[in-house]
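Student:
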Amino acid sequence: MTTLPAGAKDGAELLRAVLQAQEHERAAVAAALHEGVGQALKALALGLRGLDVGANAAARHRLERLTSDTLESVRHLALGLRPATLDDLGLAAALRAVARAAEAAGGPSVSVLAEVPDRAACAPGAAPEVELALFRVAQEAVDNIVRHARASDASIVVTARRGVWYLVVEDDGDGFDVATLAPGCRMGLDYARAWLVALGGDLRIESSRGGGTSVYGRVPVG
């Protein structure tokens, strides 16, 4: 087993603390969107439905549609910031939500296979952090697929073997030259990679023009 120098350990712990602080901020904003803006929009939608049809039916319909679209945008933003599903139901359910959101946004069909232990089977506090790290990788990878890949099919697979969790996100899209990828185009995955590194894991991307893309994540649980 490799032992990190003290400085490296301190650096990893500092990175982990910074990432945790960022996630707490994301969670707070997501909760505010869901409980504040989201609930207000729901109340507005109910109020609009209760109005008399009359001569302003067309205007009311436009307002209902605008309210519905805005509510969906708020939900999508809250999901991106911090999905309640991840905290409440775990990684598999959160990944399925990512797949549904991708398909609803006009992306490819996304299959999900998650074969990981229950949280109770993991060391205290380990599973939630690992789930969050792998979720962020999958979330960013799928977002890139929707925005850039022009794929027909994609898949998310999470497995666990001998105390290590593995994630693979693949698509059959256009692909790209990994070596020439501009830094600005990989910021989301760099953030996700930082989470894996802070937990002792790593991230690898394989792609070629016309050959689709595969994103591999690995993180120990213990």
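Counting from 20, one number per residue, gives the positions in the sequence shown under our numbering. Note that the Cβ used here is the ideal one computed from N, Cα and C, for glycine as well.
(1) Pick out whichever of Tyr210, Pro239 and Ser226 has its Cα sitting closest to the Cα of leucine 218.
(2) Can you tell me the Cα-Cα spacing of leucine 85 and alanine 124, whole angstroms?
(3) Assign alanine 139 to one of three DSSP states: helix, strand, or coil.
(4) If you compare alpha carbons, which of Gly231, Asp172, Ser171 and Tyr185 is closest to valine 197?
(5) Going by Cα to Cα distance, which pick from Asp191, Val183, Thr89 and Gly182 is closest to histidine 167?
(6) When the Cα atoms are used, what is the spatial distance from valine 183 to serine 226?
(7) Going by the DSSP bridge assignment, what does glutamate 134 pair with across the sheet?
(8) Output the distance between the C-alpha atoms of leucine 222 and arginine 212, rounded to the nearest integer angstrom.
(9) Looking at the secondary structure, which residues open and close the alpha helix (DSSP H) in which threonine 104 lies?
(10) For proline 136, count the other beta carbons within 10 Å of its own beta carbon; 16 or more makes it buried, fewer makes it exposed. Which is it?
(11) What is the DSSP secondary structure of alanine 170, reduced to helix, strand or coil?
(12) By the three-class DSSP mapping on this structure, what secondary structure does leucine 186 have?
(13) Per the DSSP calculation, tyrosine 261 is bridged to which residue(s)?
(14) In the structure shown, what three-state DSSP assignment does valine 240 receive?
Tutor: Well, looking at it:
(1) Pro239
(2) One C-alpha to the other measures close to 17 Å.
(3) Confidence in alanine 139 is poor, its pLDDT being 49 and thus under 50, which makes the residue's placement unreliable; the coordinate value appears in the next sentence. Helix, per DSSP.
(4) Gly231
(5) Minimum Cα-Cα distance from histidine 167 among the listed residues Asp191, Val183, Thr89 and Gly182 corresponds to Asp191.
(6) Cα-Cα distance, rounded: 24 Å.
(7) Thr178
(8) Each residue's Cα considered, the two are about 6 Å apart.
(9) 103-108
(10) exposed
(11) coil
(12) Looking at leucine 186 - three-state DSSP - the assignment turns out to be strand.
(13) The shown model of the chain, from 20 to 241, leaves out residue 261, and the question about it has no answer.
(14) coil
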